[in-house]
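A short write-up of the structure that comes next.
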Amino acid sequence: MGHLSSLYLSKSLLNMYAKCGAFSDSNKLFGEISNCSHDPIFWNILLSGFAASPIHDAQTFSFFNRMRVANQVKPTSVTAAVILPVCARMRDIYVGKSFHCYMIKTGMETHTLVGNALVSMYAKCGLVSYDAYAAFQSIYHKDVVSWNAIIAGFSENKMVDSALRLFFFMLKTQIKPNHATIATVLPLLASLATDTAYLFGREIHCYILRHNESLADVSVCNALLSFHLMVGRVKEAELLFRRMELRDLISWNAIISGFASNGEWSKSLELFQELLYLESNEPDSVTLVSILPACAQLQNLKAGREIHSYVLRHPYLYQDTSVGNALVSFYAKCNNLVAAYHTFLMIPSRDLISWNSMLDAFAIGGRNAQFFKLLHWMHTEGIRPDSITILTILHFCANVLKVDKVKETHCYSLRCGLLQSDFEPTTRNAMLDTYAKCSNVEYAFKVFQTLSDNRNLVTFNSMISGYVNCGLYDDAYMIFEKMPASDLTTWNLMVRGCAENDCPDQAFSLFRELQARGMKPDAVTIISLLPSCAQTASVHLMKQCHGYVIRACFDDAHLEGALLDLYAKCGDLGYAFKLFHSNPGRDLVVFTAMVGGYAMHGMGEEALRIFSDMLDLGIKPDHIVITAVLSACCHAGLVDEGLKIFHSIEKGINEIQAGRDALSKSRFLNCFVGCQRKQKGVLTGLGRKGFLDVVGEVKGLKLTGGLTITSLGLVYCLLSWSLDADFLIPATFAAAAPCAASFSDGPVNRCTTSRKAFVSVCTKVVKGLQLAVPWLACLSMDAYLMSADDLQQLPIYEMLKPWNLTYAQTTFGFHPDQRNVFIE
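The sequence shown begins at 1 in the UniProt record's numbering and counts up by one.
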């Protein structure tokens, strides 16, 4: 240790031990160096070593107290620059202010290094407006670090306006911004309006161009790149990216994620593929988390699987939980729930985001059982749900209308205090909205009342929406009148509520009032208003709405379809066709409206032509347009054409309406058998042209009203005087109408000579459904329109009251065959 007499060598050796974390050796060496306790540099070296790691914060303060107690040396500005960041890291404002007082006593407060450390300490502790700014003002000789510290302080505390004002004031001083200043200021522009942000950003960009040394810094270029992508200027961003002399992985991640966030998913994927060919940079977890959502938006399952394979080949990516979570979300959005679940199981260390991602996947896929099983597994694993989990559960319950599960979630949230910690009432608003969507406005209003001190526009709009959807317009209007402020969504809901409650005058009054308040109606407003035009049958008002749509340049397929449908309902099919023909981007909604318009007016051939044009364009029909075209065929007497369409969709019925094919198919058939009695020729044609053959093919298919297609077809054939009674096979009725209490299964003779014989046969079969007597009684009276959804509204049920089975037996001689009965 003879060389320790050299102070330079001693300091270097001590610094080496301190930076390596060998504190026992450094303390031993500190004690062996002669007169080191009188030199502040030795103390500062050890303090710097302790302060370098957060786990040694306590030792840092302990060694500083030892320095003060020794009273052999006074702290310097370097000491302050070491101690104050530790106070900021520990958020110990008491120790920080105590040290500040000590600096004031020693007269070092105005020193640049001390002032900069004080500014950063106060800013990180959240005391930026007064304490940090006062410390900044007390610095005699401010340097660029001083300005960066105060600007970053305001930025970290979300005081964007103050940060920008300081930056532009800095430009007027002799101190010029450096790359750290630019990298701090540019992200601040994200909180401004897009146009304003772009103007400020261009000024900063111009400043950088005037100082070429800034362009050489890759961090400045990355900040500029992120700014251009943030304001949606993707072309300028790509131009800057191509001109960058040096690109690091941050540059690639910025351009890939920026293109993806701006909807340029294909371009984002191209840039990712370009990155893979480079040897200098390899994708990291940030890259993959950015590109996988783009693959999901493109539904590019092949690219996503290739990325998954890349992850499996690189263990550092496979071990990253965020990558696994992104893969789960990707597979879920591509409707591959099996792969999503397998990926979820393979995540080495699942976090709460992993569970939330998988729950969201099951919610998107409508897997009810799997969703609740996963939720139970999550609970047994001891994973506590957060607000995101609660929002996912509520969204799922709203889709499946499970109000009991909403109540359970509500109770759990109350027990765990998740609602109390909800400073922004996001969770409670979602709870209210879910109750409203489940038509439980009573509980929704209770949640609304608990938000009395923290209601926002979303709260009021959700409550109004719940009342409007339940037809409680008066309650909705009471909430509307109490609102301190409203937005366009509020007014749209109220206009829709008026229209749905047959208050067209009030709807138009609200429409005029919202314009008087300076709000600009959107497409939703016009769609909400159009039913009021239909209620008043005012073509003039409808054309005024149409004129507004043209002037406002709305490009909305649903709005165009609603306008077209309204013109058709008002009888102006010529103008409806002009509107249809002038639409270059005709989609399923527009075609459905046009077909429905022709069907409404009995123009079956025109409806068939439009339907054929739709198929020629490759547009896949759904159950709504097929029902409309079948209805058109029924009204126009185009039985053969209608049956042809019906048979053509037999094989594709599952694709047309997955999950509800039986209901949809019953509605298709009901288009034939449920048309008005004025079209008796159509009914007769259906009876003679094989309608019961169609019935035989779909036997057992029930209508929503409880009456089977088979029995309904029989009744219409009876009403239409069809004499082809050999189609009436009781076994068919037994399979097709299990809801019947009982009916005879005896042989049925062919009846071709008289209507009386036919009625006799039909009576024996239909009477088993307990409907024969009233229907036969209606033969000499007015007939009624019956469809799948309004069977219970028939006035015929009033006629049923005076009839009973005893009267039928005595009048018609009907006696059920008790040898073979069917009991439901």
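For every residue, glycine included, the Cβ atom is placed at its ideal position computed from N, Cα and C. Remember, it's a predicted structure, so these values are computed and weren't measured experimentally.
In terms of CA proximity to L419, V447 leads the group C397, V447, K402.
Inclusion of V323 and L288 in the CB contact set at 8 Å is warranted, their separation being smaller than that value. For V144 and V119, the gap between their C-alpha atoms comes out near 13 Å. Of the residues K267, L514, N262, I347, the one whose Cα lies closest to the Cα of V231 is N262.
Counted as a single uninterrupted DSSP element, the stretch harbouring F554 is not any alpha helix (DSSP H), since DSSP gives it neither H nor E. Taking the Cα positions, R89 is about 9 Å away from C125. Distance between V639 and S631, taken at the CA atoms: about 10 Å. In this structure, S219 lies away from S257, with their beta-carbon atoms at least 8 Å apart. The alpha helix (DSSP H) runs lying completely inside the region 490 to 565 and spanning 4 residues or more are 504 to 516, 523 to 536, 539 to 552, given in chain order.
The straight-line gap separating the alpha-carbon atoms of D217 and L249 is approximately 14 Å. Using a Cβ distance threshold of 8 Å, S329 and A363 do not count as a contacting pair. Residue range 285 to 298 is occupied by the alpha helix (DSSP H) that includes Q297. Under the DSSP assignment, M431 falls in the alpha helix (DSSP H) whose first and last residues are 426 to 437.
Counting the other Cβ atoms within 10 Å of the Cβ of D404 gives fewer than 16, which makes it exposed. Restricting attention to L451, C498, P484, S452, the CA atom closest to the CA of L472 is found in C498. The shortest CA-to-CA distance from D616 to any of A599, V286, R586, H623 is the one to R586. With 16 or more other CB atoms across the displayed protein chains lying within 10 angstroms of its CB, F611 is buried. The beta carbons of L488 and M519 sit closer together than 8 Å.
Excluding its 5 nearest sequence neighbours in each direction, T525 has C-beta neighbours in its own chain below 6 Å: N492, listed in chain order. Residue environment analysis places M478 among the exposed positions, since fewer than 16 neighbouring C-beta atoms fall within 10 angstroms of its C-beta. In terms of Cβ geometry, G602 and H635 form a close pair [threshold 8 Å]. The C-beta of W147 has 16 or more other C-beta atoms within 10 Å across all chains shown, which makes the residue buried.
Straight-line measurement puts the Cα of E264 at about 11 Å from the Cα of K235.
Counting C-beta atoms within 10 angstroms of its own C-beta, H647 has fewer than 16 neighbours from the protein chains shown and is therefore classed as exposed. Taking A340 as the centre and dropping the five residues before and after it, the same chain places the C-beta of V328, Y331, A332, A361 closer than 6 Å to its C-beta, in chain order. In the structure shown, E381 adopts coil according to DSSP, grouped into three states. Put simply, the region 522 to 536 touches the region 502 to 511. At least three CB pairs are less than 8 Å apart. It is roughly 13 Å from the alpha-carbon of P177 to the alpha-carbon of A163. Contact check for L432 and T389: beta-carbon distance about 18 Å, past the 8 Å limit, so the pair fails to qualify. An exposed status is given to H379, since fewer than 16 other beta-carbon atoms sit within 10 Å of its beta-carbon. Annotation for T450: the continuous alpha helix (DSSP H) segment containing it runs 441 to 450. DSSP, reduced to helix, strand and coil, places C125 outside both helices and strands of the structure shown, so it counts as coil.
With contacts defined as CB atoms closer than 8 Å, A398 and C438 qualify as a contacting pair.
In the structure shown, the three-state DSSP call for E481 is helix. The shortest CA-to-CA distance from Q299 to any of Y310, E274, L269 is the one to L269.
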